[in-house]
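Worksheet: the structure to be examined is printed underneath.
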Amino acid sequence: MKPVAAQVPSPTGNLYGTVHDEQEKVLPGVTVALTGPGAPQFATSDTRGEFHFLSLSPGNYSVTFARSGFETAHQDVAVALGRNAVLTFTMRLASVAEAVAVEGEAPVLDSRETKTGANFEEKELRSIPTTRDPWAILRQVPGVLL
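So the sequence shown is numbered by my numbering: it starts at 37 and just counts up by one.
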């Protein structure tokens, strides 16, 4: 009589997964955190967007996905005795928020009186290159009649 080998199920389970973006492209470099029974575990998705956690105790786990430029996301998964849990997850782009703070001094206001007319002194009139005659200057001003 030959001995018959019995297959005993593994006392643990495994979690395999793939991370994509919203355009269904794989996302490498995603930090994947697994919390549940036992100590937290961490993995990083590879160039194919794949990650795995091996020899997990059966139970419910929470998986957190984080990558710069994307929203941090969570997914719950159950790991069964002797089974592989397979998870495919899509990450969304993070919204861009930017704040601009402008600081400086208050604008300097000219406290001088404002008028609609102007007074010219003889010294200023002599420095005008067009003419030395004050009446010729007044004839060039719109609205002045002589």
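A virtual CB, placed ideally from N, CA and C, is assigned to each residue, including glycine.
- Excluding sequence positions up to five before and after F156, its CB lies less than 7 Å from no other CB in the same chain.
- Secondary-structure assignment with DSSP links F78 through a beta bridge to A69.
- Rounded to the nearest whole angstrom, the CA to CA distance from V132 to S163 is 59 Å.
- The residue from L123, A116, F106 with its alpha-carbon nearest to that of V99 is L123.
- Contact between T54 and V68 is absent: CB atoms are separated by about 11 Å, not below the 8 Å threshold.
- Counting along the chain, A172 sits inside the alpha helix (DSSP H) bounded by residues 170 to 176.
- Excluding residues up to 5 positions away in sequence, S98 lie with their Cβ nearer than 6 Å to the Cβ of D112 in the same chain.
- The beta carbon of L92 sits closer than 7 Å to the beta carbons of T48, G49, N50, L51, V115 from its chain, once the five residues preceding and following it are set aside; these are given in chain order.
- In the DSSP annotation of this structure, E134 is not part of any beta strand (DSSP E), being labelled neither H nor E.
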